[in-house]
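In what follows, a single structure is set out as structure tokens and then discussed.
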Amino acid sequence: MLELVVLISGAGSNLRALLDAARDAEYPARVVAIGADRDAEGLDLGEEYGIPTFTVPFTAFATRQEWGAALAEQIRPWTPDLLVLSGFMRLLPHDVVAEFSPAIVNTHPAHLPEFPGAHAVRDALVAGVRQTGASVILVDDGVDSGPIIVQERIPVEPDDSESTLHDRIKHVERRLLIQTVLDIANGTVDLKELARA
Ligand code: GAR
Numbered sequence: 016m017l018e019l020v021v022l023i024s025g026a027g028s029n030l031r032a033l034l035d036a037a038r039d040a041e042y043p044a045r046v047v048a049i050g051a052d053r054d055a056e057g058l059d060l061g062e063e064y065g066i067p068t069f070t071v072p073f074t075a076f077a078t079r080q081e082w083g084a085a086l087a088e089q090i091r092p093w094t095p096d097l098l099v100l101s102g103f104m105r106l107l108p109h110d111v112v113a114e115f116s117p118a119i120v121n122t123h124p125a126h127l128p129e130f131p132g133a134h135a136v137r138d139a140l141v142a143g144v145r146q147t148g149a150s151v152i153l154v155d156d157g158v159d160s161g162p163i164i165v166q167e168r169i170p171v172e173p174d175d176s177e178s179t180l181h182d183r184i185k186h187v188e189r190r191l192l193i194q195t196v197l198d199i200a201n202g203t204v205d206l207k208e209l210a211r212a
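Going by our numbering, the sequence shown opens with residue 16, and the numbers climb by one from there.
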């Protein structure tokens with residue numbers, strides 16, 4: 016059974032999908048803690064699903080390094096098999112990546128390496144592309160630059176707004192994330208091998 020710590024910054028709708036998947040006794044992963052860098056709406060899921068939460072506000076620290084050290088201190092006691100960044104909108108400092116690597120995955124609402132960063136859906140719309148996508152990647156020190164574990168194309172419709180497109184992308188992201196965690200648990204995806212490649 017994989018024990019997951021999930022980090023969020025927002026609504027946590029992808030986290031909810033993972034929590035629902037994990038309610039199935041056959042699903043080989045459980046969320047043991049939920050962490051956030053701010054007072055994120057998705058922290059309410061902790062109460063709803065009976066899972067401990069912690070918050071390490073980015074703005075309360077003088078440097079990214081200090082914030083990262085405090086975040087790692089909160090994560091460490093859970094000894095997670097896998098850290099899942101699910102809508103976590105902060106770049107982890109090198110020390111945190113190094114401590115938990117290669118067992119850190121991130122979901123991203125674009126077909127990486129296209130549209131990395133915090134505004135992937137808006138950027139795809141502004142670029143006028145006919146299709147974008149969803150990706151689950153291994154986290155490295157860069158911005159959405161780690162090895163791709165799985166990704167899928169999603170068409171952009173002519174009348175799409177940022178929110179309609181993002182909603183469609185999130186549906187795919189949820190499926191990819193749930194499958195990725197399953198694949199990591201059953202050994203189909205080998206994070207160490209991916210990190211070496
Ligand atoms: C998701 O689309 C996730 O991929 C994205 O934030 C959304 C979180 O939604 N993450 C990034 O853009 C990271 N660069 P949620 O809080 O409803 O799950």
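For every residue, glycine included, the Cβ atom is placed at its ideal position computed from N, Cα and C.
Looking only at its own chain, which residues have a Cβ that is under 7 Å from the Cβ of residue i, when we skip the five neighbours before and after it?
i: proline 43; result: Met16, Leu17, Leu197, Ala200, Asn201
Quick one, are the C-beta atoms of residue i and residue j less than 8 Å apart?
i: isoleucine 163; j: valine 204; result: no
i: alanine 48; j: valine 20; result: yes
i: leucine 98; j: phenylalanine 115; result: yes
i: alanine 37; j: glutamate 56; result: no
i: phenylalanine 103; j: serine 24; result: yes
i: glutamate 129; j: alanine 149; result: no
i: serine 101; j: leucine 30; result: yes
i: alanine 32; j: arginine 189; result: yes
i: arginine 105; j: aspartate 52; result: yes
i: alanine 125; j: alanine 135; result: yes
Return the residue from the list the options that minimises the CA-CA distance to residue i.
i: leucine 34; options: Arg211, Val120, Ile193; result: Ile193
i: alanine 212; options: Asp138, Asp110, Asp155; result: Asp155
i: isoleucine 169; options: Ser178, His109, Ile184; result: Ile184
i: valine 120; options: Asp39, Arg31, Thr195, Ala40; result: Thr195
i: aspartate 96; options: Arg45, Ala51, Val111; result: Arg45
Have a look at the DSSP bridge pairing and note the partners of residue i.
i: glutamate 167; result: Ala149
i: asparagine 121; result: Leu100, Ile152
i: glycine 50; result: Leu22, Phe69
i: alanine 44; result: Leu17
Using a Cβ cut-off of 8 Å (strictly closer), state whether residue i contacts chain C.
i: glycine 83; result: Of the protein chains in the structure, only one exists, and it is not chain C.
Could you name the residues of the same chain whose beta carbon sits closer than 8 Å to that of residue i, not counting the 5 residues immediately before and after it, in chain order?
i: valine 171; result: Ala139, Leu140, Val144, Arg145, Gln146, Thr147, Leu180
i: glycine 132; result: Asp138, Val158, Asp159
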